[in-house]
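J.: What follows is a structure written as structure tokens; I'll ask about it next.
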Amino acid sequence: MQKLVELLKSPDPFARRDAWLAAGPLGAAALRPLADLASEGELEISRAANRGMWQIVRYVGAPGREELRRPVVETLGEMLGDTRLPLQLRRDIVWMLSEIIKDEEIDQASALPLLLDADLGEDVRMALQRVAGPNAIGVLKAGFIQAQGEHKTAIACSLRKCGVAIDEPPCPKLVPRKTTTVKPVGRNA
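Take the numbering used here: the last position of the sequence shown gets the number 217, and nothing is skipped along the way.
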């Protein structure tokens with residue numbers, strides 16, 4: 029683990045590349061050190077650490093690696109609640125989870141505040157839409173009840189995409205933006 033962090037801090041871009049490419053098998057134990065490095069390092073070092081995290085997610089998400097995937101999901105879930113991490117890194121963690129989490133692993137009590145969060149809400153909404161199982165839809169439904177304004181409209185669109193019938197608010201794509209004088213052809217209007 030220490031060797032990985034040292035290589036990611038290297039001024040040599042090829043050493044950094046080789047380090048993050050090899051991060052996958054390290055699994056959940058490497059996520060916290062990589063997140064710390066991604067949140068405090070210089071730009072290229074931060075990128076390399078972030079890529080290492082993504083490499084772990086893709087490695088454990090491969091078929092037949094269930095015993096490696098579960099701890100990574102748990103660790104990412106814990107890190108998502110860590111407000112000391114930069115917002116962009118927390119957004120990336122949401123998307124990392126969307127790659128490997130199973131619907132039954134979604135904790136509705138933890139996901140709802142994230143869905144309603146002003147900074148993370150849109151990313152969480154899209155990740156839940158991507159999962160689209162009963163738990164994810166349950167969080168979206170609960171969020172729809174509590175959300176306001178444009179966020180409520182966006183959640184309604186996600187619910188529609190997941191097959192849930194929502195009448196109001198209407199989909200913004202179907203609401204005319206400006207009036208027109210063009211008459212429909214072939215209809216009496």
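Even glycine gets a Cβ: it sits at the ideal position worked out from N, Cα and C.
Run through DSSP, which three-state label would residue 89 get?
T.: Residue 89 falls in the coil class under three-state DSSP.
J.: Thinking C-beta only, is residue 134 closer than 9 Å to residue 117?
T.: Taking 9 Å as the Cβ cut-off, residue 117 and residue 134 do not qualify as a contacting pair.
J.: With DSSP as the reference, label residue 199 as helix, strand or coil.
T.: Note: residue 199 maps to coil in three-state DSSP.
J.: Of the residues 74, 58 and 91, which one's Cα is nearest the Cα of residue 65?
T.: Closest by alpha carbon: 74.
J.: Taking a contact to mean a Cβ-Cβ separation below 9 Å, would you say residue 110 touches residue 78 in this structure?
T.: Not a contact, by the Cβ cut-off of 9 Å.
J.: Counting only the same chain and skipping the five closest in sequence on each side, list residues whose C-beta sits under 7 Å from that of residue 113.
T.: Excluding residues within five positions, the ones whose Cβ falls inside 7 Å are 63, 67 and 107.
J.: How many angstroms separate the CA atom of residue 139 from the CA atom of residue 149?
T.: C-alpha separation (whole angstroms): 10 Å.
J.: Output the distance between the C-alpha atoms of residue 35 and residue 160, rounded to the nearest integer angstrom.
T.: Straight-line Cα distance between these residues: approximately 39 Å.
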